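These notes are about the structure you will find just below.
Residue numbers (this note's numbering), protein chains in the order written: chain B, 15 to 291; chain P, 3 to 85.
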């Protein structure tokens, strides 16, 4: 395992890379948002071991203002995160380990789609874990954390509307220990999983953990996948049964999800000839 | 499956209660009664309920009364689902 600081757009970015001796290429992990990243770290470590056994390196950055990277969360926005992800891709190539696949997790899916827009054809494939399709809805659920916390205190009642008014007047808002700046909130409000990623990325493996065997993919996921398939894009769906690894109270990992991800990312798509010119 | 059973299952999954979920009765206290029942748990549970029932919970509907007991949560859900 190698930890390195990469010069980011506004500060140094911590990147943890796991490189097997006979590496062929690397998978870049595009992290989920805020606390979800902490819930996922163990999954990422386990996945990096599974990929290393198959001769594939893993590159995991802490986004600007998070983890051990420089910067404050309140100063972060999607532009700086995207610029830094691009720099990490370039850094990995310079280390002789080109990123040929992505693992995008939760909010990392729309972020990874924007990254792929910058480099159409660069990534042979991507695994999407529990994709966030709609930034505004995701943000509303994130704000709920503060509303729920206020609910538990006597004589204190907050609403998402009031929080947005507070954000408007002060330019920042603190939710569950994370301070969000108004620029990031504005960008998340209009963020959606860009369907063009299906053309930019060779093949997409859509992976969701469902609560039980009777459950099916949520309607928005179903619609996205069906629409992309009818447009002729390669998008495979994989479902697993288990606890929500990105949000559960105790840290959980889903062994089937991790094993399948390692398997599909290690099998390079045979139908396509990658051109990383 | 009635609403109490469906919500008991959601609580079991969201809070990872395991067999402890089976001992939850309608009058079991949730907020203040289950240590894992924090704000993140509330948000997960509402998300799961929305997904399972296909309605959206407004933020002004989130109150401590709703999360007092398993029965109060089931009553809230049944009323929402009937609308």
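Backbone N, C-alpha and C fix where the C-beta goes; we use that ideal spot for every residue, glycine too. The structure presented is a predicted model; accordingly, all values stated were derived computationally and were not measured.
Complete runs of the beta strand (DSSP E) confined to the stretch 123 to 157 of chain B [at least 3 residues]: If one requires a minimum length of 3 residues, the beta strand (DSSP E) runs lying completely within the stretch 123 to 157 of chain B are 139 to 143, in chain order.
Start and end residues, beta strand (DSSP E) containing residue 95/B: Counting along the chain, residue 95/B sits inside no beta strand (DSSP E); it lies in the alpha helix (DSSP H) bounded by residues 92 to 108.
Buried versus exposed call for residue 265/B [16 or more other C-beta atoms within 10 Å across all chains shown]: Label assigned to residue 265/B: exposed.
Cutoff 6 angstroms; reference residue 194/B; Cβ partners in own chain excluding five residues on either side: So the list reads 187, once near-sequence residues are dropped.
Ordered list of beta strand (DSSP E) runs contained in the stretch 15 to 66 of chain B, each at least 3 residues: Whole beta strand (DSSP E) segments, 3+ residues: 16 to 21, 26 to 32, 39 to 44.
is_contact[residue 38/P, chain B] using C-beta, thresh 9 angstroms: Yes, because at least one Cβ of chain B sits closer than 9 angstroms to the Cβ of residue 38/P.
Residues near residue 38/B by beta carbon distance below 7 angstroms, same chain, minus five either side: Non-local C-beta neighbours of residue 38/B in its own chain, meaning closer than 7 angstroms and more than five positions away in sequence, comprise 69, 70, ordered along the chain.
For residue 133/B and residue 71/P, the rounded distance between their alpha carbons: The C-alpha of residue 133/B is placed about 52 angstroms away from the C-alpha of residue 71/P.
N-terminal and C-terminal residue of the alpha helix (DSSP H) that residue 182/B is part of: Bounds of the alpha helix (DSSP H) holding residue 182/B are 174 to 184.
Classification of residue 175/B by the beta-carbon crowding that lies within 10 angstroms, buried from 16 upward: Residue 175/B is classed as exposed because its beta carbon has fewer than 16 other beta carbons within 10 Å across all chains shown.
Assigned exposure category for residue 170/B - 16 Cβ within 10 Å defines buried: Result: exposed.
Range of the contiguous beta strand (DSSP E) that encloses residue 251/B: For residue 251/B, the enclosing beta strand (DSSP E) covers residues 249 to 255.
Residue-chain proximity (residue 179/B, chain P), Cβ-Cβ < 9 angstroms: Cβ-Cβ to chain P under 9 angstroms: no for residue 179/B.
Contact under 9 angstroms by Cβ, residue 145/B with residue 220/B: Taking 9 angstroms as the Cβ cut-off, residue 145/B and residue 220/B qualify as a contacting pair.
Rounded Cβ spacing between residue 130/B and residue 215/B (contact assumed at less than 8 angstroms): Their Cβ separation, rounded to whole angstroms, is 5 angstroms, which keeps residue 130/B and residue 215/B in contact under 8 angstroms.
Any chain P beta carbon closer than 9 angstroms to residue 159/B: It does: the Cβ of residue 159/B has a partner Cβ on chain P nearer than 9 angstroms.
Contacts that residue 232/B makes with chain P (C-beta to C-beta distance below 8 angstroms): Listed along chain P are 53, each with a C-beta nearer than 8 angstroms to that of residue 232/B.
Element boundaries [alpha helix (DSSP H), containing residue 47/P]: Boundaries of the alpha helix (DSSP H) around residue 47/P: 41 to 55.
C-alpha gap between residue 6/B and residue 31/P, whole angstroms: The requested residue 6/B does not occur in the structure, where chain B is confined to residues 15 to 291.
Interface flag, residue 78/P vs chain B, CB-CB below 9 angstroms: For residue 78/P, the answer is no, since every Cβ of chain B falls outside 9 angstroms of its Cβ.
Interface positions of the stretch 21 to 49 of chain P facing chain B (Cβ-Cβ less than 8 angstroms), listed along the chain: From the stretch 21 to 49 of chain P, only 33, 38, 40, 41, 42, 43, 44, 45, 46, 48, 49 have a Cβ closer than 8 angstroms to chain B.
Neighbour list for residue 278/B in chain P, Cβ cutoff strictly below 7 angstroms: Listed by position along chain P, the residues whose Cβ is nearer than 7 angstroms to that of residue 278/B form an empty set, because the closest Cβ is around 26 angstroms away.
As assigned by DSSP and simplified to three states, the class of residue 204/B: The DSSP-derived three-state label of residue 204/B is coil.
Alpha carbon of residue 289/B to alpha carbon of residue 99/B, nearest angstrom: Low confidence applies here, because residue 289/B scores a pLDDT of 39, under 50, leaving its location unreliable and the question unanswered by this model.
DSSP three-state assignment for residue 13/P, whether helix, strand or coil: DSSP places residue 13/P in helix when its eight states are reduced to three.
Cβ shell of residue 84/B (< 6 angstroms), same chain only, five flanking positions each side left out: In its chain, beyond the 5 residues on either side, 25, 26 have a beta carbon closer than 6 angstroms to the beta carbon of residue 84/B.
Of the residues 166/B, 61/B, 73/B, 50/B, the one placed nearest residue 16/B, counting alpha carbons only: For residue 16/B, the closest C-alpha among the options 166/B, 61/B, 73/B, 50/B is that of 73/B.
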